[in-house]
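Numbering (my numbering), first residue to last: 15 to 422. Cβ atoms here follow ideal geometry from the backbone N, Cα and C, with glycine treated the same way.
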Ligand SMILES: Cc1cc2nc3c(=O)[nH]c(=O)nc-3n(C[C@H](O)[C@H](O)[C@H](O)COP(=O)(O)OP(=O)(O)OC[C@H]3O[C@@H](n4cnc5c(N)ncnc54)[C@H](O)[C@@H]3O)c2cc1C
């Protein structure tokens with residue numbers, strides 16, 4: 015006999031992955047509940063950078079035009095700075111020529127709030143200040159959540175499918191016994207600084223030796239404020255017993271950067287967060303549930319970008335969930351199209367990001383930056399290699415061999 019549910023889908027977490035999965039599912043005709051533990055709108059520690067691919071995804075759901083109406087900074091170029099002081103500035107390649115922007119910097123509170131508003135417009139019921147504590151599981155299949163609303167009120171709702179969009183410490187992933195892949199993690203820290211000298215409206219990527227294979231970014235915002243941050247692979251943090259906040263401070267005090275911060279004023283605290291980097295072997299679904307965005311561990315290991323893949327995972331998950339609900343079964347087999355399509359689309363770039371991270375030695379970075387300066391026609395491609403967003407070639411090994419050779 016057909017079981018009665020409160021909703022078709024419960025999405026846990028109202029970051030970009032959760033709001034967009036909710037939008038896609040609601041537009042497919044499903045009844046959707048979206049929960050977040052924080053009071054919305056909420057801030058999130060982030061570099062606030064949206065790549066050309068992220069903009070293309072936002073355009074697909076009709077969010078880009080509206081995003082361009084909220085305060086943001088369009089960026090058209092990236093300046094790369096090698097450990098030896100050399101630098102090159104290259105244009106950001108557009109994913110799609112029809113897009114009105116190549117990349118933008120936009121505070122997360124604004125982006126995430128816009129997407130939450132669009133979810134409500136799509137018919138999603140949003141409940142904030144509501145922390146999911148555990149999942150309801152019947153015969154091995156997720157079928158709802160138990161949550162605590164602000165003030166300690168216990169709540170419970172049932173659904174055909176539960177979506178874990180609850181970030182790097184996902185309670186949905188934990189409850190459904192998904193392997194954590196703790197080794198595939200990075201740490202990032204960011205702060206806002208007023209009056210950094212020499213900001214020219216470009217993204218800046220610095221590779222000071224102490225941060226390798228990680229990097230330091232400067233993201234200009236629409237005021238005279240710069241989002242400054244650092245991303246470091248977790249094994250480097252653990253092996254060296256390193257504190258990312260200290261590494262960032264040391265990098266900003268290094269001879270190459272110190273004079274840029276001579277008059278800078280830090281606004282608020284440095285804030286750190288975990289980056290669950292992608293691994294195509296990772297399981298991201300099961301009986302009655304799927305994981306999207308950071309909960310699924312989709313951050314590019316080399317660029318440390320997670321928003322693009324969060325949006326892609328939402329675009330793929332929504333229709334797969336809708337098909338499963340229509341078919342009357344939401345078990346593991348009915349949701350299997352999700353991991354299949356997801357890894358087919360983003361697996362190669364994640365794998366490539368991991369491989370390119372291994373090339374981040376001072377010598378290789380210096381050579382790549384020199385090559386980009388000497389050969390402007392190759393600069394876009396070299397930029398993709400430096401940031402880990404180069405498209406994989408058909409023959410990965412010879413592609414990497416070529417880059418190695420190129421970087422000598
Ligand atoms: C310092 C830093 C800089 C970064 N810079 C960039 C960048 O410039 N560009 C880029 O593309 N990526 C960047 N990233 C990565 C990016 O922030 C994430 O990949 C992205 O936020 C993932 O979105 P999400 O929706 O999966 O998760 P999140 O944005 O983390 O959203 C998860 C939501 O789930 C909610 N939640 C968690 N647990 C529960 C619960 N139990 N019950 C209810 N709600 C819950 C949280 O409150 C949160 O709102 C950066 C990350 C860090 C830490």
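Would the beta-carbon of residue i be found less than 7 Å away from any heavy atom of ligand 1?
i           : result
residue 289 : yes
residue 55  : no
residue 30  : yes
residue 257 : no
residue 75  : no
residue 80  : no
residue 179 : yes
residue 251 : no
residue 318 : yes
residue 304 : no
residue 115 : no
residue 321 : yes
residue 60  : yes
residue 121 : no
residue 203 : yes
residue 49  : yes
residue 164 : no
residue 27  : yes
residue 185 : yes
residue 46  : no
residue 292 : no
residue 89  : no
Compare the Cα-Cα distances from residue i to each of the options and report the closest residue.
i           : options               : result
residue 209 : 274, 345 and 255      : 274
residue 315 : 355, 371, 322 and 281 : 371
residue 176 : 355, 395, 92 and 336  : 336
residue 249 : 225, 270, 233 and 237 : 225
residue 212 : 261, 278, 251 and 322 : 278
residue 268 : 137, 98 and 341       : 98
residue 150 : 294, 135, 169 and 327 : 169
residue 217 : 47, 63, 333 and 260   : 63
residue 321 : 50, 37, 45 and 61     : 61
residue 201 : 189, 180, 230 and 132 : 230
residue 376 : 261, 294, 182 and 227 : 227
residue 90  : 66, 100 and 76        : 66
residue 219 : 85, 84 and 244        : 244
residue 388 : 92, 85, 100 and 22    : 100
residue 298 : 347, 68 and 280       : 347
residue 130 : 77, 190 and 109       : 77
residue 281 : 207, 193 and 383      : 207
What does the alpha-carbon distance come out to for the pair residue i and residue j?
i           : j           : result
residue 26  : residue 127 : 16 Å
residue 318 : residue 171 : 35 Å
residue 368 : residue 291 : 9 Å
residue 17  : residue 401 : 49 Å
residue 40  : residue 303 : 17 Å
residue 71  : residue 325 : 6 Å
residue 94  : residue 107 : 15 Å
residue 338 : residue 312 : 23 Å
residue 166 : residue 146 : 12 Å
residue 152 : residue 159 : 12 Å
residue 423 : residue 163 : Not covered by the structure: residue 423. The range shown for the chain is 15 to 422.
residue 364 : residue 345 : 27 Å
residue 306 : residue 178 : 6 Å
residue 82  : residue 391 : 30 Å
residue 234 : residue 204 : 13 Å
residue 300 : residue 87  : 40 Å
residue 328 : residue 45  : 16 Å
residue 121 : residue 351 : 33 Å
residue 28  : residue 138 : 11 Å
residue 117 : residue 342 : 41 Å
residue 186 : residue 155 : 12 Å
residue 180 : residue 308 : 7 Å
residue 173 : residue 48  : 12 Å
residue 36  : residue 358 : 22 Å
residue 356 : residue 340 : 21 Å
residue 232 : residue 22  : 42 Å
residue 9   : residue 286 : The structure shown does not extend to residue 9, since the chain is modelled only from 15 through 422, so no value can be given for it.
residue 102 : residue 294 : 33 Å
residue 393 : residue 265 : 26 Å
residue 223 : residue 51  : 39 Å
residue 189 : residue 253 : 30 Å
residue 31  : residue 38  : 11 Å
Hey, residue i and residue j are a contact pair by Cβ (cut 8 Å); roughly how many whole angstroms apart?
i           : j           : result
residue 73  : residue 125 : Rounded, the Cβ-Cβ distance is 14 Å, inconsistent with contact.
residue 240 : residue 133 : Rounded, the Cβ-Cβ distance is 31 Å, inconsistent with contact.
residue 182 : residue 288 : 4 Å
residue 221 : residue 115 : No, residue 221 and residue 115 are not in contact; Cβ-Cβ is about 26 Å, not under 8 Å.
residue 284 : residue 261 : About 11 Å separates the two Cβ atoms, so there is no contact after all.
Is residue i a contact residue of ligand 2, with contact defined as CB to any heavy atom under 7 Å?
i           : result
residue 280 : Within the structure as shown, ligand 2 is missing, the only ligands being ligand 1.
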